[in-house]
Amino acid sequence: MSNLVPPGAAVGVLGSGQLGRMFAMAARRLGYRVHTFSPDRDTPTGQVADLEVAAPYDDLDAVRAFARQVAVVTFEFENVPAATVEAAAAWAPVRPGGRVLHVAQQRLREKGFLAEAGLPVARFVPVRSLEDLRRGLAAVGLPAVLKQAAWGYDGKGQAKLASAAEAETAWAAVGAQESILEAFVDFEREISVVAARGLDGSVADYGVIENVHRHHILDVSTAPAAVPEPVAVEAGRLTRAALEALDVVGVLCVEFFVTRDGSLLINELAPRPHNSGHLTVDACLTSQFEQQLRAVCGLPLGSTERLRPAAMANLLGDLWAQGEPDWAAALAFPDVKLHLYGKAEARPGRKMGHLTALAATAQDARLSVLRARDALGARPVETS
Ligand SMILES: Nc1ncnc2c1ncn2[C@@H]1O[C@H](COP(=O)(O)OP(=O)(O)O)[C@@H](O)[C@H]1O
Ligand SMILES: [Mg+2]
Numbered sequence: 004m005s006n007l008v009p010p011g012a013a014v015g016v017l018g019s020g021q022l023g024r025m026f027a028m029a030a031r032r033l034g035y036r037v038h039t040f041s042p043d044r045d046t047p048t049g050q051v052a053d054l055e056v057a058a059p060y061d062d063l064d065a066v067r068a069f070a071r072q073v074a075v076v077t078f079e080f081e082n083v084p085a086a087t088v089e090a091a092a093a094w095a096p097v098r099p100g101g102r103v104l105h106v107a108q109q110r111l112r113e114k115g116f117l118a119e120a121g122l123p124v125a126r127f128v129p130v131r132s133l134e135d136l137r138r139g140l141a142a143v144g145l146p147a148v149l150k151q152a153a154w155g156y157d158g159k160g161q162a163k164l165a166s167a168a169e170a171e172t173a174w175a176a177v178g179a180q181e182s183i184l185e186a187f188v189d190f191e192r193e194i195s196v197v198a199a200r201g202l203d204g205s206v207a208d209y210g211v212i213e214n215v216h217r218h219h220i221l222d223v224s225t226a227p228a229a230v231p232e233p234v235a236v237e238a239g240r241l242t243r244a245a246l247e248a249l250d251v252v253g254v255l256c257v258e259f260f261v262t263r264d265g266s267l268l269i270n271e272l273a274p275r276p277h278n279s280g281h282l283t284v285d286a287c288l289t290s291q292f293e294q295q296l297r298a299v300c301g302l303p304l305g306s307t308e309r310l311r312p313a314a315m316a317n318l319l320g321d322l323w324a325q326g327e328p329d330w331a332a333a334l335a336f337p338d339v340k341l342h343l344y345g346k347a348e349a350r351p352g353r354k355m356g357h358l359t360a361l362a363a364t365a366q367d368a369r370l371s372v373l374r375a376r377d378a379l380g381a382r383p384v385e386t387s
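Okay, so the sequence shown: first residue is 4 according to this note's numbering, each after it adds one.
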């Protein structure tokens with residue numbers, strides 16, 4: 004197995020959502036073939052890949068057959084079972100490796116790893132029973148957040164506790180399963196750093212991105228984040244430390260809380276391109292997806308230079324409540340780019356696409372992307 008995977012080769016993606024779709028688009032531009040593996044058909048990734056394999060993740064024969072046909076395997080979905088990654092790794096290098104997945108896909112392992120590596124996290128304790136939770140509240144303090152340890156995303160499986168009386172409800176809300184109890188951080192803002200690490204250990208990051216969540220789902224990202232330079236530098240340093248401690252080959256996003264005294268706490272890691280990095284597609288010389296491709300193929304990383312300040316707004320399924328959004332109205336903004344993921348069904352909370360705006364300042368980009376998104380909903384009343 005040669006380390007360099009040159010253009011023309013086939014790359015395999017575990018998972019088939021929008022992250023895989025944008026990865027596949029970047030890979031195909033560079034002349035690669037893309038195979039995707041997930042339980043579903045007609046997926047966002049499959050629609051633009053050369054080959055879409057639909058099989059359960061625990062069908063290890065199907066996983067092996069998939070891996071045999073590609074030169075390298077990466078993923079866009081980190082909740083792939085460890086056995087799947089092992090089966091694939093027997094036939095093709097998997098980048099980032101199984102250990103990165105193992106750490107990132109379970110919140111207790113993730114926070115434990117970060118704390119052990121000397122990286123700053125909020126106070127936390129493991130919770131495996133209601134009694135643990137009661138004891139944990141005394142240790143961690145109030146308010147606190149209880150999160151199920153495995154399978155959480157977009158705020159699913161989380162409960163905030165304002166008082167000890169809410170313990171029972173919170174324990175039920177996470178499904179009475181292994182969880183992590185964290186101190187609730189009264190943050191000033193949330194930021195993220197998307198970075199890549201090549202096979203040769205070189206590191207490149209996109210600087211600090213500011214993130215605003217709505218109902219626990221990312222709503223708007225803005226780059227650069229409005230934080231003092233030392234905070235930005237420290238976020239970059241911590242991100243590099245996480246990449247190196249995990250020996251990542253690929254892309255890693257580190258989500259941070261900026262506290263009111265200007266210090267940083269790591270909230271979570273994503274060992275793949277991240278929603279907050281979608282603006283790199285339009286705003287940076289090398290997108291986070293091309294960077295993932297370069298890293299996992301053993302190629303030099305590209306420049307992360309941002310050409311202009313930028314902002315990204317997610318388009319959730321809720322936008323479809325009144326029918327098809329008014330695409331032309333958003334596209335009437337000349338500096339706004341529309342991305343849609345090819346999902347047929349628009350469910351509330353489902354990520355259907357995003358808009359990116361470029362402008363002279365981050366604040367202008369944010370205003371512009373919000374206006375464009377508002378315009379999507381402002382459809383003229385139909386008269387007959
Ligand atoms: N300990 C915390 N203190 C304050 N806010 C939190 C905390 N944990 C999560 N949140 C809020 O909920 C959002 C989603 O939580 P996160 O742990 O990132 O889960 P997910 O995997 O769903 O993204 C965070 O971006 C933040 O806004
Ligand atoms: Mg998160």
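Just so you know, even glycine gets a beta-carbon here, dropped at the ideal spot from N, CA and C.
Beta-bridge analysis with DSSP links P129 to I183. In the structure shown, T225 adopts extended strand secondary structure according to DSSP, grouped into three states. Rounded to the nearest angstrom, the Cβ distance from I212 to A199 is 14 Å, too far for a contact under 8 Å. Per DSSP, the beta-bridge partners of F40 are L17 and V56. Look at E258: its beta carbon is less than 7 Å from one of the heavy atoms in ligand 2.
In the DSSP assignment, C256 is bridged to V197 and A273. Straight-line measurement puts the Cα of S19 at about 8 Å from the Cα of D43.
The alpha-carbon separation between A349 and G320 amounts to approximately 4 Å. If you draw a 10 Å sphere on the C-beta of D264, you find fewer than 16 other C-beta atoms in it, and that means exposed.
Per DSSP, reduced to three states, the secondary structure at G305 is coil, with no helix or strand assignment. One Cα belongs to E171, the other to V73, and the distance between them is close to 48 Å. DSSP, reduced to helix, strand and coil, places E348 outside both helices and strands of the structure shown, so it counts as coil.
Exclusion of the five residues before and after V97 leaves V76, V88 and A91 as the residues of its chain whose Cβ lies within less than 6 Å of its Cβ. The beta carbon of A152 sits closer than 6 Å to those of Q109, R110, L111, E181, S182 and I183, all from its chain and outside the five residues before and after it, given in chain order. Secondary-structure assignment with DSSP links T262 through a beta bridge to F190. Here F187 has P146, A147, V148 and K163 as same chain residues with Cβ atoms under 7 Å from its own Cβ, once five neighbours each way along the sequence are excluded.
R369: member of the alpha helix (DSSP H) spanning A365 to G380, first to last residue.
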